[in-house]
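Residue numbering for the sequence shown follows our numbering, starting at 1131 and increasing by one per position.
Taking it in order: structure first as structure tokens, then the write-up.
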Amino acid sequence: MRMKMIASVDENNAIGNGGELLIRCKDDMKRFRRLTMGGVVIMGRRTFMTMPNQKPLPGRVNIVLTHNGKGIDDDAIVVGSVEELMPVLSDYSDRDIWVIGGQSVYEQLLPYCDECDLTRWLCTKSADAFFPKLDADDGWTLTECSEEFSCEDVCYRIETWKRTAADEICTR
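Right under this line is the structure:
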């Protein structure tokens, strides 16, 4: 089973403010959809509640990691702990497994992931939620880095971080 993270972060690893993404970009949302479609997405309760109509993302197995499953749609799988999550994931070992947020879920599941796919916004925003810092001390290496793109007058790039050593390292 291979678990990956996907997030949209600013230069300070901020991911959200007041329960909202920092930047909404149609191209980034399309990319998220393309990568996660047909796979498993794992999220916390607050992230689930920000989904359109508080419904699971279509075309994906939606798992909500929370101690409070109240109000979660019946089409989502609710688990109360990482220990409870792991046997559930074994049923989906043939699918891509994506951790999609928020902060607490990223922190809890980072030790189980070997790859992170980040949209890195080349700006800083006011935020109250953050993605964990990835660095070499913890075995993370920036292995791929795209050219710069622009959306809503803000530049961004796509970064791939892996736990393994890399032949090429992207420098900032």
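Glycine residues also receive a C-beta, built at the ideal position from the N, C-alpha and C atoms.
query, result
"Sub-8 angstroms separation of L1151 and A1257 beta-carbons", "no"
"Range of the contiguous beta strand (DSSP E) that encloses S1223", "Note, S1223: premise wrong, no beta strand (DSSP E); not H, not E."
"First through last residue of the alpha helix (DSSP H) which encompasses M1159", "K1156 to T1166"
"Rounded separation between D1221 and N1147 - CA only", "34 angstroms"
"Spatial neighbours of V1235 in its chain, beta-carbon cut-off 8 angstroms, leaving aside the 5 residues before and after", "I1172, M1173, G1174, T1177, L1195 and V1229"
"Of the listed residues P1262, E1282 and F1279, nearest to A1137 (C-alpha basis)", "P1262"
"Enclosing beta strand (DSSP E) for T1273 [first to last residue]", "T1271 to C1275"
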